[in-house]
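S.K.:
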Amino acid sequence: MAVILVLLGVVLALVLLLAALSCSQFGTWSRKGIPSPSWPLPLVGHCLRSLLQLEPLYQNFDRIYKMFPGQPYVGFYAGSSPVLLIKDIEAIKHITVKDFHVFTNHKLSPDARYDKSLSNFMFCLMDQEWKSIRVKMTPAFSSGRLKTMYPQVNAVGERFLEAIEKKKDKNGDVAVNPLCSFYGIDVIGQCAFGVESNCLLEEGRSPFLNAVEGAFRFGALEGVASSALMFSNFAYHVLGTSGVSMLKEWRTAVIRDILRESSEHREREPLANRDIFDNLLSMRKNGVPQELFESQVYSMLFAGSETSAATVMFTLWQLALNPEVQDKLRAELLEAREKDGGNLSYETMHELRYLDMVFKETLRLWPVMPWMDRVASEDYTLPGTDVQIEKGTLVFIPSFSIQRDPDIWQDPETYDPERFSPSNSDNLNKLAFIPFGAGPRACIGSRFADMSVKSVVSKTLLNYEVCLAENTPRSEAELKINKMAFIISLTEQLPLRFRKLK
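Oh and the sequence shown: position 14 is 14 in the working numbering, straight run, nothing missing.
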């Protein structure tokens, strides 16, 4: 009994010591004259709800963003760390573009001891290592390369239509989340992995699908680990040494085996039209280590499939909620298809103005990256002030909040593609619309996402009227948002009704 009491006393003393150390930083923003929410809590700061997985990080940032209207900067505390939230568009330009040399790196840089594959993701790489991989990956997303991949993307879009027919019930209702997810996996699996996964039509669950979904599915501990990685190195190391990993290595081993087979097959039978996978294979042949090569494949698989899937899902939902927008878009698509002789070419699809407006308006409300982070590599004076932040300070740019800010956007909660019309878009500040990030570290696959989303949405509207089902959420408040995911996604099925066009 005495031993237990001693141990409890030691644990309590350690907790109190950590709490005292964390509180020592809590005067940072008041000393600098930066507004900050009151009453940060020991050990967690202002992020208790996210750490408890009661709300996703972007909603946590959004609450803080709205507390101080008109302020260019807001400080808060994540754990014991002072974090700066950037609200001013001109400051965002400095941090992401003009002063990029100071803010080159993300905070999300996992330790290879705990997350070996994740630590080599392009998103997580730092400084020259990131730059080297970025330069090598860029040719995979050129206009010419995307055009050669368009037939592959189109073929997966046809399977998406087949899946709707196969899955819909007697009323024409289909849960679109899994279909959109399978579409994203099939597209990126084929173009970036060299795999004909056929998740959309395959009966049962393939080893590839199980591995992909399982590798990136966060449980409660992984959700805590992801938050800890962003804000608390100590907590992250504690979880890491306990065996908690954000990427499930046993599942990535399955993907690794499939990748090896796919690589051997592609080398025996190369494609006439080069795709992302060919570019990755070329990188390996030119000296990129195997582990780094594999991580870029996983990175493309995760970022490409999840982001495209979410954007397709939200676009179809918004079109069902706004039938007048859907009708106008379909009219544009029908006219373009007729001019193209029955099929939409790559060139024609990218010339469709209203389709682009719809795509952008969906991304405004549901950005692929609801926030961006950067870390200052040196002491830095905030633009428009004499306030200096120290080297190592974590900076957040809340894309979700900026793209819904009523001081920037008129009636921001309304779905209105016309705000991106030529007459209106000239008045928009480009850095107020940053769904794929901004500056040199913006998402490298944004144009691929553009193509894959527009292709399947176009095919769907040319074949179906997309309507609300009886139990479709009618408002954002009714959506069940995944509180553990970095990318905005849902935890419950989203049913839509598909009526075949004559």
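Glycine included, every Cβ here is placed at the ideal spot set by N, Cα and C.
1) Using 8 Å as the threshold, is the stretch 461–481 in touch with the stretch 315–328, meaning 3 or more CB pairs across them?
2) Under DSSP, the alpha helix (DSSP H) around Pro422 begins and ends at which residues?
3) Quick check: Phe61 and Pro398, are their CB atoms within less than 8 Å of each other?
4) Nearest-angstrom Cα distance between Gly437 and Val368?
5) What does the alpha-carbon distance come out to for the pair Asn105 and Ile34?
6) Can you tell which of Glu202, Ser308, Phe302, Ser197 has its C-alpha closest to the C-alpha of Ser262?
7) Suppose contacts are defined by Cβ-Cβ distances below 8 Å. Is Thr362 in contact with Thr311 by that definition?
8) Give me the Cβ distance between Ala192 and Pro495, rounded to the nearest whole Å; I'm assuming they're in contact under 8 Å.
9) Who are the near neighbours of Arg284 in its chain, counting only those whose CB is closer than 6 Å to its CB and skipping five residues on each side?
10) Could you name the residues of the same chain whose beta carbon sits closer than 7 Å to that of Phe26, not counting the 5 residues immediately before and after it, in chain order?
11) Can you check whether the CB of Ser299 is closer than 8 Å to the CB of Phe121?
12) Is the beta carbon of Met357 less than 8 Å from the beta carbon of Cys180?
13) Closest to Phe277 by C-alpha separation, out of Met451, Phe433, Pro139, would be which residue?
14) Along the chain, where does the alpha helix (DSSP H) containing Met122 start, and where does it finish?
15) Can we say the stretch 373–389 touches the stretch 444–464, given the rule of at least three CB pairs closer than 8 Å?
16) Helix, strand or coil, according to DSSP, for Lys500 in the structure here?
17) Based on Cα-Cα distance, which residue from Pro473, Arg441, Glu470, Gln290 lies nearest to Cys124?
18) Drop a sphere of 10 angstroms on the beta-carbon of Val135, count the other beta-carbons inside from all chains shown, and report buried for 16 or more, exposed for fewer.
19) Under the assumption that Asp173 contacts Arg497 (Cβ atoms under 8 Å), give the Cβ distance between them as a whole number of angstroms.
20) Buried or exposed: Gln190, going by 16 or more other Cβ atoms within 10 Å of its Cβ?
21) Report the rounded CA-to-CA distance for Ile95 versus Lys66, giving the unit in angstroms.
22) Beta-carbon separation of Phe433 and Arg364 under 8 Å?
23) Looking at C-alpha atoms only, which residue of Lys480, Ala485, Phe486, Asn154 is the closest neighbour of Glu492?
24) Considering only their Cβ atoms, is the gap separating Lys391 from Gly157 smaller than 8 Å?
25) What are the boundary residues of the alpha helix (DSSP H) that includes Val195?
26) For the stretch 297–336, which segments carrying the alpha helix (DSSP H) assignment without a break, of at least 4 residues, lie completely within its bounds, in sequence order?
27) Give me the Cα-Cα distance between Tyr183 and Val457, rounded to the nearest whole angstrom.
28) With H, G and I counted as helix, E and B as strand and the rest as coil, what does DSSP make of Glu291?
29) Of the residues Lys502, Phe160, Ile444, Ser475, which one's Cα is nearest the Cα of Ser142?
30) Leaving out five residues before and five after Val187 in sequence, what residues of the same chain have Cβ atoms less than 7 Å from its Cβ?
31) Candidates Glu55, Arg49, Gly75, Phe486: which alpha carbon is nearest Arg31's?
32) Smallest Cα separation from Arg63: which of Met484, Val288, Met137, Ile402?
33) Among Gln59, Gln388, Lys107, Ile488, which residue has its Cα nearest to the Cα of Thr28?
34) Note down, in chain order, each residue of its chain lying with its Cβ closer than 7 Å to the Cβ of Glu55, except the 5 sequence neighbours on either side.
35) Which residues in the same chain as Asp275 place their Cβ atom closer than 6 Å to its Cβ, once the five residues preceding and following it in sequence are excluded?
36) Under 8 Å between the Cβ atoms of Leu355 and Glu338?
M.R.: Inspection of the coordinates gives the following:
1) In short, these stretches touch, since the Cβ pair count reaches three.
2) For the purposes of this step, residue 422 is identified with residue 422 of the sequence shown, where counting begins at 1. Its alpha helix (DSSP H) spans residues 422–425.
3) Locating residue 61 in the sequence shown gives position 61, where the first residue counts as 1. Locating residue 398 in the sequence shown gives position 398, where the first residue counts as 1. In terms of Cβ geometry, Phe61 and Pro398 form a close pair [threshold 8 Å].
4) Looking up residue 437 in the sequence shown gives position 437. Looking up residue 368 in the sequence shown gives position 368. Their backbone Cα atoms lie some 9 Å apart in a straight line.
5) Along the sequence shown, one-based indexing puts residue 105 at 105. Along the sequence shown, one-based indexing puts residue 34 at 34. Roughly 23 Å between the two C-alpha positions.
6) Taking the sequence shown and counting its residues from 1, one reaches residue 262 at position 262. Checked all of Glu202, Ser308, Phe302, Ser197; the closest Cα to Ser262 is Ser197.
7) Against the sequence shown, residue 362 aligns to sequence position 362. Against the sequence shown, residue 311 aligns to sequence position 311. Yes.
8) Your numbering for residue 192 matches position 192 in the sequence shown. Your numbering for residue 495 matches position 495 in the sequence shown. In fact, because the Cβ distance is near 30 Å, the residues do not count as touching under 8 Å.
9) If you number the sequence shown from 1, residue 284 lands on position 284. Counting only Cβ-Cβ distances below 6 Å, and skipping sequence neighbours, we find Phe293.
10) Numbered from its first residue, the sequence shown carries residue 26 at position 26. For Phe26, where only same-chain residues beyond five positions count, the Cβ hits under 7 Å are Pro40, Tyr77.
11) Locating residue 121 in the sequence shown gives position 121, where the first residue counts as 1. Locating residue 299 in the sequence shown gives position 299, where the first residue counts as 1. In terms of Cβ geometry, Phe121 and Ser299 form a close pair [threshold 8 Å].
12) Residue numbering aside, residue 357 sits at position 357 when the sequence shown is read from its first letter. Residue numbering aside, residue 180 sits at position 180 when the sequence shown is read from its first letter. Their beta carbons are not under 8 Å apart, which means Met357 does not touch Cys180 by this criterion.
13) Numbered from 1 along the sequence shown, position 277 holds the residue referred to as residue 277. Of the listed residues, the one whose Cα sits closest to Phe277 is Pro139.
14) On the sequence shown, residue 122 is found 122 positions in, with the first residue counted as 1. Following the DSSP letters along the chain, one finds Met122 in no alpha helix (DSSP H), marked with neither H nor E.
15) Remark: fewer than three beta-carbon pairs, one from each stretch, lie closer than 8 Å, so the stretch 373–389 and the stretch 444–464 are not flagged as touching.
16) Here residue 500 refers to the residue found at position 500 of the sequence shown. In the structure shown, Lys500 sits in a strand (DSSP, three-state: E or B).
17) Your numbering for residue 124 matches position 124 in the sequence shown. Out of Pro473, Arg441, Glu470, Gln290, Arg441 has the C-alpha closest to the C-alpha of Cys124.
18) Counting from 1 along the sequence shown, the entry for residue 135 is found at position 135. By the neighbour-count rule (16 or more Cβ atoms within 10 Å), Val135 is not buried but exposed.
19) As a first step, residue 173 is located in the sequence shown; it is residue number 173 there, counting from the start. As a first step, residue 497 is located in the sequence shown; it is residue number 497 there, counting from the start. Right, their Cβ atoms sit about 5 Å apart.
20) As a first step, residue 190 is located in the sequence shown; it is residue number 190 there, counting from the start. It counts as buried.
21) As a position in the sequence shown, residue 95 is number 95, starting the count at 1. As a position in the sequence shown, residue 66 is number 66, starting the count at 1. Rounded to the nearest angstrom, the two C-alpha atoms are 21 Å apart.
22) Position 433 of the sequence shown, counting from 1, holds the residue named residue 433. Position 364 of the sequence shown, counting from 1, holds the residue named residue 364. By the CB criterion at 8 Å, Phe433 and Arg364 fall inside the cutoff.
23) As a first step, residue 492 must be located in the sequence shown, where it is residue number 492. If we check each option's Cα against that of Glu492, Lys480 comes out closest.
24) As a first step, residue 157 is located in the sequence shown; it is residue number 157 there, counting from the start. As a first step, residue 391 is located in the sequence shown; it is residue number 391 there, counting from the start. Contact flag unset, no.
25) By 1-based counting over the sequence shown, the position of residue 195 is 195. First-last for Val195: undefined, no H or E at that position.
26) none
27) As a working mapping, residue 183 is identified with position 183 in the sequence shown. As a working mapping, residue 457 is identified with position 457 in the sequence shown. Cα to Cα, the separation comes out at about 11 Å.
28) As a working note, residue 291 is residue 291 in the sequence shown. Reduced to three states, the DSSP call for Glu291 is helix.
29) Residue numbering aside, residue 142 sits at position 142 when the sequence shown is read from its first letter. When only C-alpha atoms are compared, the closest one is Ile444.
30) Looking up residue 187 in the sequence shown gives position 187. Within the same chain, Val187 has close Cβ partners Val153, Val156, Ser308, Ser452.
31) Taking the sequence shown and counting its residues from 1, one reaches residue 31 at position 31. For Arg31, the closest alpha carbon among the candidates Glu55, Arg49, Gly75, Phe486 is that of Gly75.
32) The residue you call residue 63 lines up with position 63 of the sequence shown. When each option's Cα is compared against that of Arg63, the closest is Ile402.
33) Your numbering for residue 28 matches position 28 in the sequence shown. Closest by alpha carbon: Gln388.
34) As a working mapping, residue 55 is identified with position 55 in the sequence shown. Correct list, in chain order: Arg49, Lys483.
35) Indexing the sequence shown from 1 puts residue 275 at position 275. Cβ neighbours of Asp275 beyond the five flanking positions: Met149, Cys191.
36) Taking the first residue of the sequence shown as 1, we reach residue 355 at position 355. Taking the first residue of the sequence shown as 1, we reach residue 338 at position 338. No; because the gap between Cβ atoms is not below 8 Å, this pair is not in contact.
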